[in-house]
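Colleague: Could you have a look at this structure, given as structure tokens, before my questions?
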Amino acid sequence: YRHSSQFRMWSFTEKNLREKRKKTNERAIGTINEKLRKFIEDNKSSLTEEELQTLRVKASPLSMEEELQLINFYSKKVQVIAQHLNLPTEVIATSITFFRRFFLDNSVMEFDPKNLVHTTIFLACKSENYFISVDSFAKKAKSNREAILKYEFKLVESLKFSLLNHHPYKPLHGFFLDIQTILYGKVDLKYMGQIYDRCKKKITDALLTDIVYLFTPPQITLAIISMEDEQLISRYLELKFGKDISNNTDDQENGVNKEVKEVNKEEEGGVPEKVDDKHEPQNDIELNKLLTIISQCVDLLEKSESVTTDDAKRVAAKNYYCQNPSIL
Amino acid sequence: DLHQRFEVDETKYNDPLVQELEKRKDYIASGFRTDFIYERVLTEAFM
Amino acid sequence: NYTKEKKVGEGTYAVVYLGKQLSSGDSIAVKEIKTSEFKDGLDMSAIREVKYLQELNHPNVINLIDIFMAYDNLNLVLEFLPTDLEVVIKDKNILFTPADIKSWMLMTLRGVYHVHRNFILHRDLKPNNLLISPDGLIKVADFGLARAVPGPREMLTSNVVTRWYRAPELLFGAKHYTYAVDVWSIGVIFAELMLRIPYLPGQDDMNQMEVTFRALGTPTDKQWPEVSSFPGYNKLQIYPSPSRDELRKRFIAATESALTLMENMLMMNPQTRWNTIQCLESEYFKELPAPSDPADIN
């Protein structure tokens, strides 16, 4: 994962994510204010005081928070349109990811987000081997080929040409299997199936937030499963990565610790029998650290709320006017 | 990767979606193998 | 940062130039991807090259140094690799030894193992996609047909891999194939290295089946369960599988373990065909002669 472009180029701390957005926003504000100043300069003779006042109040550029509201609002649109096009789950996820990454380096005051919605979905289809010709895509999406292709290059460039995404769906499938192994005979399989489906939906919603920049796909998956059944996850992780050895459990469940017990016997000066290191599980996961990360992820997921249409409309209008002072 | 943090143990999996495929003629003839699927999703889970 | 000095090749979707990286003085190849040609925006092959090369980092996989846009063209800056295995096989003036072959096979399998370990299928392995660096290293190149290993329900097109290196399951039109298709291609390349002529040169897709099964036997359900369920299976000419002795006569220079490796890479049943790990761990790479040092291979 550390070799992946997703980790190398698209994982941030909350702090440097905020700085990145700030930089993008300030650059755009600079451009907007320059254009506004020029506009006023060029029209100062014809502008009334009242018009000047209106410009000052209503033509102001968007703040970083307002930008993020618009990006979150349109991310949801990408998801809805992609679902409406009946695209596979991973293609929908990639569409959302491409869209949100684009607006990390580009401001909504430079590129109207509605002009990127179809382009990100179209590129995601190509990138995920779900190829649809631009003409048939334009027809389905009620758009046109020029609009769809116009920003494709710019999108690929802003993505830093990193197109391969690791979404939390495969880890969900993986943990679904491994839980059955570690808690063998102790989980109701029908119940597991229900959890699986609910978590799959929650993963798509999680992709609409900044979670994907702050945590790895498996951590997101574990957080989402634990929101469904916290006890299941803590028991599973305890058995899987717990280091302390509880004696009163049968071998089957405690296979991992049995091996660790043997290793410890060796350390206690017991007969150093050869522990076949191929099978000795590399328990390099700090359970408490992992649990902390998971609960941080859960907190963030619980905090995220969607943007209302009214808020979006207000910000979109502001975005429009600050780019078109003459119309204002 | 000397120590993957998982072992594929198909005897323990109840995975109807995948297990149903391995009975299909077109899947068997194509070379489809469930362990490839399991190896993939478990690797993604323990990356 | 880079210069484009000489045009060294032109493909369907790209023009390749030889150039220099100014900062290091190293030779580079610039693959300039034509964008106007593809009516659906960025070309699928370009997207695949970019997508997978960005994730792969291995001495036996071509290194993507940089990517940039210029004059509305996408430019991939790749390490410069002056020749390829096809040139070596064809040029009868070049003598190479079993140790050289072993070295090339080792590097190819390591490179493809890295691709597979990243859950990627190459789907176009052939001698001229195995480039050779100035210090003799084999580098797997051209990811224009690559794709991620499919999910359980995904359907794949069988119209991949250059015909002579196309696995039997693809010839039958399989839609749920696996890494095994790449291993088959390497097996055919191995045979070609030993024979120094193409091993299964079909003139067209139908003839490719004919040539393949005449050389290796027509598969039956016994060794390849459900192969008879493929459409068109019943029209096949039935050929017997070659005996070990016949294979020995065909590949006189091959040792027993070389034949074993080749046989398992060219196993008809993709489910039991060896994967890259089994190939790399095979007896062939443990017995003498040791693989040549790539830098010593002339």
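Protein chains in written order, with the working numbering: chain A, 137 to 464; chain B, 1196 to 1242; chain C, 117 to 414. Using N, Cα and C, we set each Cβ at its ideal position, and we do this for glycine too.
Find the nearest neighbour of A/S298 within the set C/I163, C/L272, C/N173, C/R360, judged by alpha-carbon distance.
Modeller: Within the first sequence, the letter at position 162 stands for residue 298 of chain A. Among C/I163, C/L272, C/N173, C/R360, the Cα nearest to that of A/S298 is on C/I163.
Colleague: For a contact meaning CB atoms closer than 7 Å, what does A/Y327 contact in chain B?
Modeller: Looking up residue 327 of chain A in the first sequence gives position 191. The premise fails here: A/Y327 is roughly 11 Å from chain B at the closest Cβ pair, so nothing lies under 7 Å.
Colleague: Could you have a look at C/N189 and say whether DSSP puts it in helix, strand or coil?
Modeller: Within the third sequence, the letter at position 73 stands for residue 189 of chain C. Three-state DSSP puts C/N189 in a strand.
Colleague: Can you tell me where the beta strand (DSSP E) with C/V124 in it begins and where it stops?
Modeller: The residue labelled residue 124 of chain C in the question sits at position 8 within the third sequence. Looking at the DSSP string, the run of the beta strand (DSSP E) that includes C/V124 is 118-126.
Colleague: Among the candidates A/Y305, A/V244, A/K337, A/T256, whose CA atom is the shortest distance from the CA of A/I232?
Modeller: Within the first sequence, numbered from 1, the residue matching residue 232 of chain A stands at position 96. Of the listed residues, the one whose Cα sits closest to A/I232 is A/T256.
Colleague: Any Cβ of chain B within less than 9 Å of the Cβ of A/F312?
Modeller: For the purposes of this step, residue 312 of chain A is taken as residue 176 along the first sequence, with counting starting at 1. Yes, because at least one Cβ of chain B sits closer than 9 Å to the Cβ of A/F312.
Colleague: Here's the rule I'm using: 16 or more other beta-carbon atoms within 10 Å means buried, otherwise exposed. How should A/T357 be labelled?
Modeller: The sequence position of residue 357 of chain A within the first sequence is 221, counting from 1. It is buried - the Cβ of A/T357 has at least 16 other Cβ atoms within 10 Å.
Colleague: Is there a C-beta anywhere in chain C that falls below 9 Å from the one on A/F238?
Modeller: Numbered from 1 along the first sequence, position 102 holds the residue referred to as residue 238 of chain A. Chain C, which has no Cβ nearer than 9 Å to the Cβ of A/F238, makes this no.
Colleague: Could you tell me the alpha carbon to alpha carbon distance between C/K136 and C/V124, rounded to whole angstroms?
Modeller: Here residue 136 of chain C is taken as the residue at index 20 of the third sequence, counted from 1. Here residue 124 of chain C is taken as the residue at index 8 of the third sequence, counted from 1. Cα to Cα, the separation comes out at about 14 Å.
Colleague: Express the C-alpha separation of C/L172 and C/V256 in angstroms, rounding to a whole number.
Modeller: Here residue 256 of chain C refers to the residue found at position 140 of the third sequence. Here residue 172 of chain C refers to the residue found at position 56 of the third sequence. Spanning the two alpha carbons is a distance of roughly 11 Å.
Colleague: Helix, strand or coil, according to DSSP, for C/K136 in the structure here?
Modeller: Within the third sequence, residue 136 of chain C is the residue found at index 20, counting from 1. Reduced to three states, the DSSP call for C/K136 is strand.
Colleague: With DSSP collapsed to three states, give me the class of C/K255.
Modeller: Residue mapping note: residue 255 of chain C aligns to position 139 of the third sequence, counting from 1. Looking at C/K255 - three-state DSSP - the assignment turns out to be strand.
Colleague: For the region 1213-1230 of chain B against the region 369-387 of chain C, are there 3 or more C-beta pairs whose distance is under 8 Å?
Modeller: yes
Colleague: For C/N189, collect the residues of the same chain with a Cβ closer than 8 Å to its Cβ; drop the 5 residues on either side in sequence, then sort them by chain order.
Modeller: If you number the third sequence from 1, residue 189 of chain C lands on position 73. If we look at C/N189 and ignore the five residues flanking it on each side, its Cβ neighbours are E148, I149, K150, T151.
Colleague: Residues of chain A with CB under 9 Å from B/D1210, in chain order?
Modeller: Residue 1210 of chain B sits at position 15 when you count from the first residue of the second sequence. Those are H309, F312, L313, Q316, listed as they occur along chain A.
Colleague: Residues of chain A with a CB under 7 Å from the CB of B/Y1233: which are they?
Modeller: Residue 1233 of chain B sits at position 38 when you count from the first residue of the second sequence. Going along chain A in sequence order, the residues near B/Y1233 (Cβ under 7 Å) are L313.
Colleague: Hey, how far is the Cα of B/D1204 from the Cα of A/T317?
Modeller: To locate residue 1204 of chain B, count along the second sequence from 1; it is residue 9. To locate residue 317 of chain A, count along the first sequence from 1; it is residue 181. B/D1204 and A/T317: Cα-Cα distance of roughly 7 Å.
Colleague: Are C/S274 and C/A264 close, meaning C-beta to C-beta below 9 Å?
Modeller: Taking the third sequence and counting its residues from 1, one reaches residue 274 of chain C at position 158. Taking the third sequence and counting its residues from 1, one reaches residue 264 of chain C at position 148. Result no, Cβ atoms of C/S274 and C/A264 do not sit closer than 9 Å.
Colleague: So is A/G378 buried or exposed if we call it buried at 16+ other beta carbons inside 10 Å?
Modeller: In the first sequence, the residue the question calls residue 378 of chain A occupies position 242. That one is buried.
Colleague: Find the residues of chain B that neighbour A/K302, judging by a C-beta separation of less than 8 Å, and give them in chain order.
Modeller: Your numbering for residue 302 of chain A matches position 166 in the first sequence. It should be noted that the sequence gives His, not Lys, for residue 302 of chain A. In chain order: E1239, M1242.
Colleague: Measuring only between beta-carbons, confirm whether A/E226 sits less than 9 Å from chain C.
Modeller: Along the first sequence, one-based indexing puts residue 226 of chain A at 90. Yes, A/E226 lies at the interface with chain C (some Cβ there is under 9 Å from its Cβ).
Colleague: Tell me, please, whether the region 391-411 of chain C touches the region 363-373 of chain C by the rule of three or more beta-carbon pairs shorter than 8 Å.
Modeller: yes
Colleague: If distances are taken between C-alpha atoms only, which option among A/T428, A/C335, A/K194, A/F239 comes closest to A/F209?
Modeller: On the first sequence, residue 209 of chain A is found 73 positions in, with the first residue counted as 1. Cα-wise, what sits closest to A/F209 is A/F239.
Colleague: Where does C/D182 sit, in a helix, a strand or coil, going by DSSP?
Modeller: What you label residue 182 of chain C is simply residue 66 of the third sequence in a count that begins at 1. Three-state result, C/D182: strand.
Colleague: Any contact of the region 429-439 of chain A with the region 355-372 of chain A, i.e. 3+ C-beta pairs under 8 Å?
Modeller: Taking a cut-off of 8 Å on C-beta distances, the region 429-439 of chain A touches the region 355-372 of chain A, as three or more cross pairs fall below it.
Colleague: Quick one: list the residues of chain C neighbouring A/K336, beta-carbon separation under 7 Å, in chain order.
Modeller: Translated into the one-based positions of the first sequence, residue 336 of chain A becomes position 200. Those do not exist, as A/K336 stays about 13 Å from chain C at its closest Cβ, beyond 7 Å.
Colleague: With a Cβ-Cβ cutoff of 9 Å, do C/L201 and C/I248 count as a contact?
Modeller: Position 85 of the third sequence holds residue 201 of chain C. Position 132 of the third sequence holds residue 248 of chain C. With contacts defined as CB atoms closer than 9 Å, C/L201 and C/I248 qualify as a contacting pair.
Colleague: Which residues in chain B sit within 7 Å of C/E171, going by Cβ to Cβ distance?
Modeller: Stepping through the third sequence from its first residue, residue 171 of chain C is reached at position 55. Those do not exist, as C/E171 stays about 12 Å from chain B at its closest Cβ, beyond 7 Å.
Colleague: Apart from the five residues just before and just after A/E164, which ones in its own chain have a Cβ nearer than 6 Å to its Cβ?
Modeller: Looking up residue 164 of chain A in the first sequence gives position 28. Reading the sequence as shown, one finds Ala at residue 164 of chain A and not Glu. Within the same chain, A/A164 has close Cβ partners S243, M245, E246.
Colleague: For A/Q142, count neighbouring Cβ atoms within 10 angstroms of its own Cβ and tell me buried if that reaches 16, exposed if not.
Modeller: Locating residue 142 of chain A in the first sequence gives position 6, where the first residue counts as 1. When all chains shown are included, A/Q142 counts as buried.
Colleague: Could you check what DSSP says for A/A452 in three-state terms: helix, strand or coil?
Modeller: Locating residue 452 of chain A in the first sequence gives position 316, counting from the first residue. Reduced to three states, the DSSP call for A/A452 is helix.
Colleague: Can C/S408 and C/T213 be called in contact, C-beta distance under 9 Å?
Modeller: Sequence index remark: in the third sequence, residue 408 of chain C carries index 292 (1-based). Sequence index remark: in the third sequence, residue 213 of chain C carries index 97 (1-based). Closer than 9 Å, so yes.
Colleague: Let me confirm a value: A/V193 is counted as buried when at least 16 other C-beta atoms fall within 10 Å, else exposed. Which label applies?
Modeller: Your numbering for residue 193 of chain A matches position 57 in the first sequence. Under this definition A/V193 is an exposed residue.
Colleague: Cα separation between C/S345 and B/A1224?
Modeller: Mapped onto the third sequence, residue 345 of chain C falls at position 229. Mapped onto the second sequence, residue 1224 of chain B falls at position 29. Whole-angstrom Cα-Cα distance: 7 Å.
Colleague: Below 7 Å CB to CB, which residues in the same chain sit around C/L303 once its five sequence neighbours on both sides are set aside?
Modeller: Indexing the third sequence from 1 puts residue 303 of chain C at position 187. According to the sequence as given, residue 303 of chain C is Gly; it is not Leu. The residues are M378, M381, L382.
Colleague: Check whether the Cβ of C/L286 lies closer than 9 Å to any Cβ atom in chain A.
Modeller: Numbered from 1 along the third sequence, position 170 holds the residue referred to as residue 286 of chain C. So no, C/L286 is outside the interface.
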